[in-house]
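Under our numbering, think of the first position of the first sequence as 58, with each following residue one higher.
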Amino acid sequence: MITKQKGTYDIYGDEAKKRAYVNDILATLCEKYNYNYIETPVFEASELFHRGVGETTDMVQKETYDFKDRGERALTLRPEGTASVVRWFIENKLYGNMSDPVKVFYNAKMYRYERPQSGRNREFTQWGFECFGSDDVMSDAEVISLAYNAYRFLGLDDVKVKLNSLGDTASRMKYRESLIAYFEPHIHELCEDCQERLKKNPLRILDCKVDAEKDIIKKAPVILDYLNEESASRFKKLQELLDLMDINYEVDDRLVRGLDYYNHTVFEITLNDSYALGGGGRYNDLVETLGGPSISGIGFAMGYDRTLLAIEENGVNIPINNSIDVYILYVSDTEKETAAYLTQDLRLNGIIAETDMLGKSLKSQFKSVDRFQAKYYIVLNDDDLKNNEVVVKDNKTKEEEHVKINDLVDYIDMHM
RNA sequence: GCGGAAUUGGUGAAGUGGUUAACACGCCGGAUUGUGGCUCCGGUAUGCGUGGGUUCGACCCCCACAUUUCGCCCCA
Numbered sequence: 058m059i060t061k062q063k064g065t066y067d068i069y070g071d072e073a074k075k076r077a078y079v080n081d082i083l084a085t086l087c088e089k090y091n092y093n094y095i096e097t098p099v100f101e102a103s104e105l106f107h108r109g110v111g112e113t114t115d116m117v118q119k120e121t122y123d124f125k126d127r128g129e130r131a132l133t134l135r136p137e138g139t140a141s142v143v144r145w146f147i148e149n150k151l152y153g154n155m156s157d158p159v160k161v162f163y164n165a166k167m168y169r170y171e172r173p174q175s176g177r178n179r180e181f182t183q184w185g186f187e188c189f190g191s192d193d194v195m196s197d198a199e200v201i202s203l204a205y206n207a208y209r210f211l212g213l214d215d216v217k218v219k220l221n222s223l224g225d226t227a228s229r230m231k232y233r234e235s236l237i238a239y240f241e242p243h244i245h246e247l248c249e250d251c252q253e254r255l256k257k258n259p260l261r262i263l264d265c266k267v268d269a270e271k272d273i274i275k276k277a278p279v280i281l282d283y284l285n286e287e288s289a290s291r292f293k294k295l296q297e298l299l300d301l302m303d304i305n306y307e308v309d310d311r312l313v314r315g316l317d318y319y320n321h322t323v324f325e326i327t328l329n330d331s332y333a334l335g336g337g338g339r340y341n342d343l344v345e346t347l348g349g350p351s352i353s354g355i356g357f358a359m360g361y362d363r364t365l366l367a368i369e370e371n372g373v374n375i376p377i378n379n380s381i382d383v384y385i386l387y388v389s390d391t392e393k394e395t396a397a398y399l400t401q402d403l404r405l406n407g408i409i410a411e412t413d414m415l416g417k418s419l420k421s422q423f424k425s426v427d428r429f430q431a432k433y434y435i436v437l438n439d440d441d442l443k444n445n446e447v448v449v450k451d452n453k454t455k456e457e458e459h460v461k462i463n464d465l466v467d468y469i470d471m472h473m
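In structure tokens:
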């Protein structure tokens, strides 16, 4: 038997319906914020992610699906959404007319080669959005607002925004150096992973789970102290806006994000203080890094699968309709043609209708009626059809009524 | 890449080193029924993740691999 690949999933049945419902809410909300839907290719030139996401990140070093196509092109299945959208922005020269910010959202499959675990697969979905062209904190506030409220619209009321500022690139570099200088003499007090982090990504030491309670971490320099005046003032301004917009946030000076391109605002959305359900931030240099002009950007991505998990775990009720309106049964083969015709007629008039296509016994057809949770059913028989009528039975009340075939659609419409 | 747990039919699962692998649900057929839903009868795994090994003999013991699942790293 050929089976699905590790970390991939077939989505069907109730799960598919849930996603359709969630997608609809997210798309509708994006529309209100005036973000437009975009689709970009699943695979891109490998270089896009190497330069965009960062050559030294683990994501690029050991988690991408890299391959060569038959033309020897080095390609990569996208591990995240932002780089592709930035590529699109540059390639289509949307920076040529920036009279208004360019705002787009996506809802797409991403690919990372990693060990599957709860809320994490090799093929997974991210819903995300990006805003180009505004460096005003209003755009930071807008993006955070859209991210935050998306969860609330999905029924997760207790979400909280964790917020931090990395400052501009200069501030960040300065902070990084002082962090290394601070930890280096105490390297043996850190856990093994952190000793490795000190070389590769010292900022991540700050959110280490093992060392979190150690004094050495608690007393480490804080990035907010390293912000220059401009960065500090915009961070303060952002908080004022979030207060005004009634967004539940908390400054977390330990919050560091894994991708290289972030500066200034970074944030994550958490539920009940457990792991993040999504994250984002500002990337003012990324467009230029990838060959475009100097245009600022900010964006967010939701971990769709783990958000769906959270929705389930928190008992949020998602309406799933598994019932049909009408099931048409027939007593013998002579009514088959009428069944085919009538079923289509109902369907084309907006009624969810089903009939038997297996030539089952009447008893079996009745079982189907219940399995499909049909609201009404009609048993076709020659006697009724001779009079151009059918008997429509309400499957709940068991009340039945003779209806002329020509009036059937109207009758069902009226009773539903 | 590292570690823990799991892997029996469409589903939930019981099970023992040795003839025909429980039970339940579901599904199919039949009886009964004014056109079902209750009840009754019957049917439903050439098979116990895959490949090796131990044994006279393994679903049950050992090894490897795969997959699932939960963690770590990482990400979100």
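Backbone N, C-alpha and C define an ideal beta-carbon position, used for all residues, glycine too. Here the structure is a predicted model, which is why all the values come from computation and not from measurement.
Quiz item: Per DSSP, what kind of secondary structure is residue 175 in: helix, strand or coil?
Solution: Position 118 of the first sequence, counting from 1, holds the residue named residue 175. Reduced to three states, the DSSP call for residue 175 is coil.
Quiz prompt | Three-way DSSP call (helix, strand, coil) for residue 207 in this model | solution = Indexing the first sequence from 1 puts residue 207 at position 150. Here residue 207 sits in helix by DSSP.
Exercise. Tell me residue 265's beta-bridge partners as DSSP assigns them.
Key: As a first step, residue 265 is located in the first sequence; it is residue number 208 there, counting from the start. Beta-bridge pairing links residue 265 to no other residue.
Self-check item: Residue from 450, 264 and 387 with nearest C-alpha to residue 417
Solution: Against the first sequence, residue 417 aligns to sequence position 360. Minimum Cα distance to residue 417 is reached at 387.
Exercise. Report the residue ranges of all alpha helix (DSSP H) runs contained in full by the region 108-151; include only those spanning at least 4 residues, in chain order.
Key: Given a length threshold of 4 residues, each whole run of the alpha helix (DSSP H) inside the region 108-151 is given here in chain order: 115-119 and 139-148.
Quiz item: According to the neighbour-count rule (16 or more other Cβ atoms, all chains shown, within 10 Å of its Cβ), is residue 113 buried or exposed?
Solution: Here residue 113 corresponds to residue number 56 of the first sequence, with the count starting at 1. Burial check for residue 113: the Cβ neighbour count within 10 Å stays below 16, so the residue is exposed.
Quiz item: How many Å lie between residue 288 and residue 277 at the Cα?
Solution: Against the first sequence, residue 288 aligns to sequence position 231. Against the first sequence, residue 277 aligns to sequence position 220. Straight-line Cα distance between these residues: approximately 20 Å.
Practice problem: Buried or exposed for residue 141, please, with buried defined as at least 16 other CB atoms from any protein chain shown within 10 angstroms of its CB. | Solution: Residue mapping note: residue 141 aligns to position 84 of the first sequence, counting from 1. So residue 141 counts as buried.
Self-check item: Beta carbon of residue 139 nearer than 9 Å to that of residue 356
Solution: One-based indexing of the first sequence puts residue 139 at position 82. One-based indexing of the first sequence puts residue 356 at position 299. Contact flag set, yes.
Self-check item: Range of the contiguous beta strand (DSSP E) that encloses residue 166
Solution: Looking up residue 166 in the first sequence gives position 109. The continuous beta strand (DSSP E) containing residue 166 extends over residues 159-168.
Quiz item: Where DSSP assigns a beta bridge to residue 156, which residues make up the other side?
Solution: Locating residue 156 in the first sequence gives position 99, where the first residue counts as 1. Residue 156 is not bridged to any residue.
Practice problem: Could you pull out every residue in the same chain whose Cβ sits closer than 6 Å to the Cβ of residue 260, ignoring the five residues on either side in sequence? | Solution: As a first step, residue 260 must be located in the first sequence, where it is residue number 203. Closer than 6 Å at the Cβ level, and outside the excluded window around residue 260, lie 313.
Exercise. Please name the residue, chosen from 75, 66 and 68, that lies closest to residue 373 on a Cα-to-Cα basis.
Key: Here residue 373 refers to the residue found at position 316 of the first sequence. Out of 75, 66 and 68, 75 has the C-alpha closest to the C-alpha of residue 373.
Practice problem: Please look up how many angstroms separate the CB atoms of residue 382 and residue 473, rounded, as I've assumed it's under 8 Å. | Solution: As a working note, residue 382 is residue 325 in the first sequence. As a working note, residue 473 is residue 416 in the first sequence. Taking 8 Å as the upper bound for CB-CB distance, residue 382 and residue 473 are in contact here, some 6 Å apart.
Quiz item: residue 217 and residue 60 look like a contact to me (Cβ under 8 Å); what is the Cβ gap, rounded to whole Å?
Solution: Your numbering for residue 217 matches position 160 in the first sequence. Your numbering for residue 60 matches position 3 in the first sequence. Contact check for residue 217 and residue 60: beta-carbon distance about 40 Å, past the 8 Å limit, so the pair fails to qualify.
Quiz prompt | Sequence ranges, alpha helix (DSSP H) only - wholly within the region 308-359, length at least 4 | solution = The alpha helix (DSSP H) runs lying completely inside the region 308-359 and spanning 4 residues or more are 343-346, given in chain order.
Quiz item: If you follow the beta strand (DSSP E) that residue 183 is part of, which residue opens it and which one closes it?
Solution: Within the first sequence, the letter at position 126 stands for residue 183. Taken as a continuous stretch (DSSP letters only), the beta strand (DSSP E) holding residue 183 covers 180-189.
Quiz prompt | Residues of its chain near residue 192, where Cβ-Cβ distance is below 8 Å and the 5 sequence neighbours each way are ignored | solution = By 1-based counting over the first sequence, the position of residue 192 is 135. Contacts found: 341 and 353.
Quiz item: Can you tell me whether residue 244 is buried or exposed, with buried defined as 16 or more other CB within 10 angstroms of its CB?
Solution: Within the first sequence, residue 244 is the residue found at index 187, counting from 1. Exposed: under 16 other Cβ atoms inside 10 Å.
Quiz item: Between the beta-carbon of residue 323 and the beta-carbon of residue 222, is there less than 9 Å?
Solution: Counted from its first residue, the first sequence places residue 323 at position 266. Counted from its first residue, the first sequence places residue 222 at position 165. Yes; because the gap between Cβ atoms is below 9 Å, this pair is in contact.
Practice problem: Select from 80, 102 and 111 the residue whose C-alpha is nearest the C-alpha of residue 483. | Solution: What is shown of the chain runs 58 to 473, which leaves residue 483 out entirely.
Practice problem: Select from 325, 319 and 320 the residue whose C-alpha is nearest the C-alpha of residue 308. | Solution: On the first sequence, residue 308 is found 251 positions in, with the first residue counted as 1. The residue with the shortest Cα to Cα distance from residue 308 is 325.
Quiz prompt | residue 150 burial status per 10 Å Cβ neighbour count (16 or more: buried) | solution = As a position in the first sequence, residue 150 is number 93, starting the count at 1. Exposed, because fewer than 16 other Cβ atoms sit within 10 Å of the Cβ of residue 150.
Quiz item: Is the Cβ-Cβ distance between residue 452 and residue 420 less than 9 Å?
Solution: Position 395 of the first sequence, counted from the start, is the residue given in the question as residue 452. Position 363 of the first sequence, counted from the start, is the residue given in the question as residue 420. Not in contact: residue 452 and residue 420 (Cβ atoms no closer than 9 Å).
Exercise. Could you check what DSSP says for residue 301 in three-state terms: helix, strand or coil?
Key: Working through the first sequence from its first residue, we reach residue 301 at position 244. Look at residue 301 here: in three-state DSSP terms it is helix.
Quiz item: Between the region 151-170 and the region 183-190, do three or more beta carbon pairs fall short of 8 Å?
Solution: Flag = yes, the region 151-170 and the region 183-190 touch.
Practice problem: Mark residue 392 as exposed unless 16 or more other C-beta atoms lie within 10 angstroms of its C-beta, in which case mark it buried. | Solution: If you number the first sequence from 1, residue 392 lands on position 335. Answer is buried; the Cβ neighbour count reaches 16.
Self-check item: residue 271 (DSSP reduced to helix, strand or coil)
Solution: Numbered from its first residue, the first sequence carries residue 271 at position 214. Residue state for residue 271 is assigned as coil, using DSSP reduced to three classes.
Practice problem: State the DSSP-derived secondary structure class of residue 429, mapped to helix, strand or coil. | Solution: Working through the first sequence from its first residue, we reach residue 429 at position 372. Secondary structure at residue 429: coil, using DSSP grouped into helix, strand and coil.
Practice problem: Return the chain-ordered list of same chain residues with a C-beta closer than 6 Å to the C-beta of residue 173, the five sequence neighbours on each side being excluded. | Solution: To locate residue 173, count along the first sequence from 1; it is residue 116. So the list reads 64, once near-sequence residues are dropped.
Practice problem: Please list the segments of the beta strand (DSSP E) lying wholly inside the region 362-427, counting only runs of 3 or more residues, in order along the chain. | Solution: Taking only runs of at least 3 residues, the beta strand (DSSP E) segments lying wholly in the region 362-427 are 383-387 and 410-412.
Exercise. With a threshold of 16 other CB atoms inside 10 Å of the CB of residue 410, please say whether the residue is buried or exposed.
Key: Here residue 410 refers to the residue found at position 353 when the first sequence is read from its first residue. Counting Cβ neighbours within 10 Å, residue 410 comes out buried, since at least 16 surround it.
Quiz prompt | Proximity of residue 178 and residue 66 at Cβ, strictly below 9 Å | solution = The sequence position of residue 178 within the first sequence is 121, counting from 1. The sequence position of residue 66 within the first sequence is 9, counting from 1. Against a cut-off of 9 Å, the Cβ pair of residue 66 and residue 178 comes out as a contact.
Practice problem: Mind checking who residue 451 pairs with in its DSSP beta bridge? | Solution: Counting from one through the first sequence, the residue named residue 451 turns up at place 394. Beta-bridge pairing links residue 451 to 433.
Quiz item: How long is the line joining the alpha carbons of residue 282 and residue 118, rounded to whole angstroms?
Solution: Sequence index remark: in the first sequence, residue 282 carries index 225 (1-based). Sequence index remark: in the first sequence, residue 118 carries index 61 (1-based). Distance from the CA atom of residue 282 to the CA atom of residue 118, rounded to whole angstroms, is 32 Å.
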